[in-house]
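Using our numbering, you'd call the opening residue of the sequence shown number 1219 and step up by one each time.
Glycine included, every Cβ here is placed at the ideal spot set by N, Cα and C.
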Amino acid sequence: MLNEQDLAHANLIQRGSRVEYYYQFAGPEAAIGTLRSGLEPLLKPGQSILSIHSRQRTVSAALNRAQGYLQLASLMAILLASVALAMGAQHFSETRYDTAALLRCFGLQSRQILAVFTCQLVALALISGVLGGALGWLLHFSLVELLAGLLPDNIPLPSAKPFFSGLVLALLILLGFSLPALVQLQRTSPLRVLRRDLTPTPLSKNLLYLVVLVMIGALMFWYTRDPVLIGAIVLGGLIAWLITYGLTALFAVAIRILGKHSSLSLQAGLRNLSRRRLSTRLQLLGFGLTGMAMLIILLVRGELINTWQQQLPEQTPNHFVLNVLPQEAGAFAQHLKDNNIQAQPLYPIVRGRLTHINGAPIKRAVTKESGEEEEEALNRELNLSWSEALPSDNRIVAGQWWDGLPNDHERRVSIEQRLAQRLGVTLGDELRFFVASQTFSARVASIRTVKWESFQPNFYLMFNPGGLDNLPTTYLTSFYLEAERKALLKPLVQQFPAITLLEVDVILKQVRTILNQVSAAVEFILLFVLAAGLTITLATLITTMPQRYREGAIMRTLGATRRQLVIQQWAEFFAIGALSGLVACFGAEMARLGIYLKLLSLPYTPNPWIWIIVPPLLGLLIGFAGQISSKRILKQSPAVALRE
1219 MLNEQDLAHA NLIQRGSRVE YYYQFAGPEA AIGTLRSGLE PLLKPGQSIL
1269 SIHSRQRTVS AALNRAQGYL QLASLMAILL ASVALAMGAQ HFSETRYDTA
1319 ALLRCFGLQS RQILAVFTCQ LVALALISGV LGGALGWLLH FSLVELLAGL
1369 LPDNIPLPSA KPFFSGLVLA LLILLGFSLP ALVQLQRTSP LRVLRRDLTP
1419 TPLSKNLLYL VVLVMIGALM FWYTRDPVLI GAIVLGGLIA WLITYGLTAL
1469 FAVAIRILGK HSSLSLQAGL RNLSRRRLST RLQLLGFGLT GMAMLIILLV
1519 RGELINTWQQ QLPEQTPNHF VLNVLPQEAG AFAQHLKDNN IQAQPLYPIV
1569 RGRLTHINGA PIKRAVTKES GEEEEEALNR ELNLSWSEAL PSDNRIVAGQ
1619 WWDGLPNDHE RRVSIEQRLA QRLGVTLGDE LRFFVASQTF SARVASIRTV
1669 KWESFQPNFY LMFNPGGLDN LPTTYLTSFY LEAERKALLK PLVQQFPAIT
1719 LLEVDVILKQ VRTILNQVSA AVEFILLFVL AAGLTITLAT LITTMPQRYR
1769 EGAIMRTLGA TRRQLVIQQW AEFFAIGALS GLVACFGAEM ARLGIYLKLL
1819 SLPYTPNPWI WIIVPPLLGL LIGFAGQISS KRILKQSPAV ALRE
């Protein structure tokens, strides 16, 4: 950045230089909207109004992707916690049948009983919500610290809106997912005081599933307002559920086959998974999806750049030079030659805007199916160039290059294939351009493919020789320079101060740093999803604890040792973790396959190590957590457990 008074002495602005002016506005949203409405009719070609969420598409797309990810991660955590909440509410209801029966004997009506227990849950939710909001406010500083350098230093403190919206969301989720259990509780008969085996008439399972599905659907729509994201979540959830369903079915078959060759303690632990298939599938779903997301981050963030770099040929250009002035082009090329730097040819660059196709304004000519990519081409200036020879990594797919056409001095243009498809351009179409207050037309003579990843200068639109004469021109080139010869760059910039030098290796280093920071932030968010998955395990333990106490008491009465009970518990929880690891590995490999082949066009190689490491590692993690949570089973007296 220079002081404006020093600009003239810097010799940066010369014939052919491009100077752009930006006016920045700040103020209330309503005032900015009024200003924008007044300025838009006055815009000339080459002028535009930029904002983060509209025309600054690169930043906007990044923000939208980040927002979409955060919504997806938080929604996963909320849904998993909601499942745990529904299981906990059912246990809450079952443990209060006696209390409800006594209240009925004291004369309370059903709706009063419902109000009593609802107030208890609401009070609990308010306390938990306040504590959770305070914890979230503290933890957001850790997230900001992980993104240090990517975010401004003076980020304002969050407002109270997220706190209150989170509190309201917690109350709604609590009431929605616990309502079926509370309704069942209010139907408790007073006779249960005398007959402990008398339980309330259960609600229809179909009705329960319908209520839960409606709540989940309403929650997803309220939280995202994105039908596409909701559809992706539903489809992904259905696929994941089918995978866990198949795994539990295969596991049940494996238990029957291998049961004869294992100890009784091991069999008992594994059979618990078959008896509680619904809770087992929910746990596999929670831990599997969380593990999959973490695996994708750990594998892809390092592999992408390394794999991409390995695909590049040796001595691929790692430096780009822009804004070489016409009067300095010869001296610049000679300077590179004198220093033994092998560079690509100097390509002329003319900045211009495509305005018409076959005489029709481009926005009217392009079909309604055009999307954001087309808008990017329509709303910005393009780099136009000309060349006598076809670039080495370009291929003609329709029409002919200049050497196969008559030399009749007609202005012709060659267009890149994907841009031609998006704009609906074919051979013989007439394109009109606006460059530096001048308009001119050119006829499409060929359509070609471009290898953008080659790190050679490439262009959407290339003209025949003479097609861009008498227009403001600068030059572009690229070259490869070894790290030990970096010292040659300083005199190059000093001799040609107007050039812009891009060091690709420095950019890649910065990209790695950003990826590591963003990945750390993503993993930080995923910890909450993992915590939500753990709540399902805890809810399963809590709801099945009375049954586990009785089973443990019976086994100890029949002579089972403490060691045998520990083996049984470890077998159950280790199997849950290992199966979740298989789900995570399968999902991560499928995601890597799609990323490599579809998004990046890179060769895909399976990673065998994750199948060896992740399932047992996750099994040990879940096994350890389950063992700690259920250690009371080992301490409680069998006589006490059987009396309860």
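Query, Result
"Considering only the alpha carbon of each residue, which of 1342, 1740 and 1771 lies closest to residue 1508?", "1740"
"Along the chain, where does the beta strand (DSSP E) that runs through residue 1602 open and close?", "1600-1604"
"Would you mind sorting residue 1231 into buried or exposed? The rule is 16 or more other CB atoms within 10 Å of its CB.", "exposed"
"Quick check on the DSSP output: the alpha helix (DSSP H) that includes residue 1673 runs from which residue to which?", "Looking at the DSSP string, residue 1673 is not in any alpha helix (DSSP H), and its letter there is neither H nor E."
"Looking at residue 1185: is its Cβ nearer than 9 Å to the Cβ of residue 1395?", "The requested residue 1185 does not occur in the structure, where the chain is confined to residues 1219 to 1862."
"In the DSSP assignment, find the alpha helix (DSSP H) that holds residue 1792 and state where it starts and stops.", "1780-1812"
"Suppose contacts are defined by Cβ-Cβ distances below 9 Å. Is residue 1402 in contact with residue 1794 by that definition?", "no"
"Ends of the beta strand (DSSP E) at residue 1539?", "1537-1542"
"Taking Cβ to Cβ, would you say residue 1568 is nearer than 9 Å to residue 1690?", "yes"
"DSSP three-state label for residue 1716, please.", "coil"
"Does residue 1533 come out as helix, strand or coil in the three-state DSSP assignment?", "coil"
"For residue 1309, collect the residues of the same chain with a Cβ closer than 7 Å to its Cβ; drop the 5 residues on either side in sequence, then sort them by chain order.", "1760 and 1761"
"Under 9 Å, do residue 1517 and residue 1768 count as touching if we go by C-beta distance?", "no"
"Among residues of its own chain, excluding the 5 on either side of residue 1514, which ones have a beta-carbon nearer than 6 Å to its beta-carbon?", "1806 and 1809"
"Which one of 1626, 1632, 1776 and 1579 has the shortest CA to CA distance from residue 1603?", "1632"
"Do the stretch 1776-1793 and the stretch 1453-1463 touch if we need at least three Cβ pairs shorter than 8 Å?", "no"
"Per DSSP, residue 1680 is paired with what?", "1603 and 1632"
"According to DSSP, simplified to helix, strand and coil, what is residue 1572?", "strand"
"For residue 1723, collect the residues of the same chain with a Cβ closer than 7 Å to its Cβ; drop the 5 residues on either side in sequence, then sort them by chain order.", "1536"
"Indicate whether the contact test is met: 3 or more Cβ pairs, each with one atom in the stretch 1772-1781 and one in the stretch 1833-1848, closer than 8 Å.", "no"
"Quick one, are the C-beta atoms of residue 1496 and residue 1738 less than 9 Å apart?", "no"
"How should residue 1803 be labelled, buried or exposed, when 16 other C-beta atoms within 10 angstroms of its C-beta is the threshold for buried?", "buried"
"Residue 1553 and residue 1713 look like a contact to me (Cβ under 8 Å); what is the Cβ gap, rounded to whole Å?", "6 Å"
"Mind reading off the beta-carbon distance from residue 1565 to residue 1686? Whole number of angstroms is fine, and I expect it under 8 Å.", "The pair is not a contact, with the Cβ atoms about 11 Å apart (cut-off 8 Å)."
"If you reduce the DSSP assignment to three classes, tell me which class residue 1362 lands in.", "helix"
"Which residue wins for smallest C-alpha separation from residue 1611, given the options 1580, 1636 and 1673?", "1673"
"Given that a residue counts as buried once 16 or more other Cβ atoms are within 10 Å of its Cβ, and exposed if not, what is residue 1661?", "exposed"
"Is DSSP giving residue 1565 helix, strand or coil here?", "strand"
"Give the DSSP-derived three-state secondary structure of residue 1655 in the structure shown.", "coil"
"Please state the DSSP three-state secondary structure of residue 1698.", "coil"
"Apply the 10 Å Cβ neighbour rule to residue 1452 and answer buried if 16 or more other Cβ atoms are within range, or exposed otherwise.", "exposed"
"Would you kindly report the start and end of the unbroken beta strand (DSSP E) that includes residue 1616?", "1612-1617"
"Is residue 1614 closer than 9 Å to residue 1608 when the C-beta atoms are compared?", "yes"
"What is the C-beta distance between residue 1651 and residue 1601, in whole angstroms, given that I count them as a contact (C-beta under 8 Å)?", "In fact, because the Cβ distance is near 12 Å, the residues do not count as touching under 8 Å."
"Look up residue 1662 in the DSSP assignment and say whether it is helix, strand or coil.", "strand"
"How far does the alpha helix (DSSP H) with residue 1227 in it extend, from its first residue to its last?", "1225-1228"
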